[in-house]
Amino acid sequence: MTAEFAAVLPAVVLVFAVALGGMQIAGEQLRLQSAVADAARMLGRGDTGAASRVRDAASGARLSESRRGALVCATARAPTSLGFLFAISLSASSCALDDAAPK
(Lines of atoms letter the chains of each structure in order from A; the text may use other names.)
(Lines give C-alpha, C1' and ligand atoms only; values in the text may rest on other atoms or scores of the structure.)
Protein backbone atom coordinates (compact mmCIF):
# COMPACT_ATOMS: atom_id res chain seq x y z
CA MET A 548 0.00 0.00 0.00
CA THR A 549 2.75 2.46 0.91
CA ALA A 550 4.70 1.74 -2.27
CA GLU A 551 1.65 2.36 -4.44
CA PHE A 552 0.93 5.60 -2.62
CA ALA A 553 4.53 6.74 -3.08
CA ALA A 554 4.34 5.93 -6.79
CA VAL A 555 1.02 7.72 -7.36
CA LEU A 556 1.63 10.83 -5.24
CA PRO A 557 3.98 12.62 -7.70
CA ALA A 558 1.49 12.12 -10.53
CA VAL A 559 -1.36 13.50 -8.43
CA VAL A 560 0.73 16.51 -7.42
CA LEU A 561 1.67 17.16 -11.06
CA VAL A 562 -1.95 16.98 -12.23
CA PHE A 563 -2.99 19.31 -9.41
CA ALA A 564 -0.23 21.81 -10.28
CA VAL A 565 -1.15 21.81 -13.98
CA ALA A 566 -4.84 22.31 -13.12
CA LEU A 567 -4.02 25.27 -10.88
CA GLY A 568 -1.77 26.74 -13.56
CA GLY A 569 -4.52 26.37 -16.14
CA MET A 570 -6.95 28.20 -13.89
CA GLN A 571 -4.37 30.96 -13.39
CA ILE A 572 -3.94 31.38 -17.15
CA ALA A 573 -7.72 31.40 -17.66
CA GLY A 574 -8.03 34.17 -15.05
CA GLU A 575 -5.33 36.20 -16.78
CA GLN A 576 -7.14 35.76 -20.10
CA LEU A 577 -10.38 37.06 -18.56
CA ARG A 578 -8.60 40.08 -17.05
CA LEU A 579 -6.92 40.82 -20.38
CA GLN A 580 -10.22 40.54 -22.29
CA SER A 581 -11.97 42.87 -19.84
CA ALA A 582 -9.13 45.40 -20.06
CA VAL A 583 -9.16 45.31 -23.88
CA ALA A 584 -12.93 45.90 -23.92
CA ASP A 585 -12.42 48.92 -21.64
CA ALA A 586 -9.56 50.12 -23.84
CA ALA A 587 -11.69 49.87 -27.01
CA ARG A 588 -14.44 51.94 -25.38
CA MET A 589 -11.87 54.49 -24.19
CA LEU A 590 -10.38 54.74 -27.68
CA GLY A 591 -13.85 55.12 -29.17
CA ARG A 592 -14.59 58.04 -26.85
CA GLY A 593 -11.18 59.60 -27.48
CA ASP A 594 -10.06 59.14 -23.87
CA THR A 595 -6.43 58.70 -22.95
CA GLY A 596 -5.03 55.90 -20.86
CA ALA A 597 -6.19 52.90 -22.87
CA ALA A 598 -2.70 51.41 -23.03
CA SER A 599 -2.12 51.89 -19.32
CA ARG A 600 -5.45 50.16 -18.57
CA VAL A 601 -4.25 47.09 -20.47
CA ARG A 602 -0.78 47.17 -18.88
CA ASP A 603 -2.38 47.36 -15.42
CA ALA A 604 -4.40 44.23 -16.15
CA ALA A 605 -1.50 42.16 -17.50
CA SER A 606 2.15 42.95 -17.04
CA GLY A 607 4.05 43.14 -20.30
CA ALA A 608 0.90 43.54 -22.38
CA ARG A 609 1.07 45.48 -25.65
CA LEU A 610 -1.97 47.24 -27.10
CA SER A 611 -2.57 47.94 -30.78
CA GLU A 612 -5.54 49.70 -32.31
CA SER A 613 -7.17 49.68 -35.72
CA ARG A 614 -10.16 51.42 -37.24
CA ARG A 615 -12.75 49.65 -39.35
CA GLY A 616 -15.37 52.05 -40.58
CA ALA A 617 -17.35 53.25 -37.57
CA LEU A 618 -15.52 50.90 -35.22
CA VAL A 619 -12.29 51.22 -33.33
CA CYS A 620 -10.76 47.87 -32.42
CA ALA A 621 -8.18 47.16 -29.74
CA THR A 622 -5.99 44.08 -29.64
CA ALA A 623 -3.62 43.17 -26.82
CA ARG A 624 -1.00 40.49 -26.43
CA ALA A 625 0.56 39.53 -23.12
CA PRO A 626 3.17 36.92 -22.28
CA THR A 627 2.42 34.47 -19.49
CA SER A 628 3.77 31.17 -18.28
CA LEU A 629 2.65 28.05 -16.54
CA GLY A 630 5.23 28.17 -13.80
CA PHE A 631 8.51 26.77 -15.02
CA LEU A 632 6.94 24.38 -17.52
CA PHE A 633 6.32 26.56 -20.58
CA ALA A 634 5.48 30.10 -21.71
CA ILE A 635 2.54 31.13 -23.88
CA SER A 636 1.20 34.39 -25.27
CA LEU A 637 -2.36 35.47 -24.47
CA SER A 638 -4.33 37.55 -26.94
CA ALA A 639 -7.61 39.47 -26.70
CA SER A 640 -9.53 41.75 -29.07
CA SER A 641 -12.55 44.01 -28.77
CA CYS A 642 -14.26 46.65 -30.88
CA ALA A 643 -16.38 49.67 -29.94
CA LEU A 644 -18.16 52.43 -31.81
CA ASP A 645 -15.85 55.28 -32.79
CA ASP A 646 -17.47 58.53 -31.66
CA ALA A 647 -15.03 60.50 -33.84
CA ALA A 648 -15.94 58.60 -37.03
CA PRO A 649 -17.95 60.53 -39.66
CA LYS A 650 -21.61 59.68 -39.49
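Residue numbers for the sequence shown, in our numbering: 548 to 650.
Cβ atoms here follow ideal geometry from the backbone N, Cα and C, with glycine treated the same way.
Check, Outcome
"Alpha carbon of L694 to alpha carbon of S638, nearest angstrom", "The first residue shown for the chain is 548 and the last is 650, placing residue 694 beyond what the model contains."
"Residue(s) in a DSSP beta bridge with A621", "E612, S641"
"Coarse secondary structure for T627, derived from DSSP in three states", "strand"
"Range covered by the alpha helix (DSSP H) that runs through G574", "549–592"
"Residue closest to R615, alpha-carbon to alpha-carbon, out of A573, L644, E575", "L644"
"Buried or exposed (CB count within 10 angstroms, at least 16 for buried), F554", "Strictly speaking, residue 554 in this sequence is Ala, with Phe absent from that position. Under this definition A554 is an exposed residue."
"Nearest to S628 (by Cα), restricted to the options T622, S606, S613", "S606"
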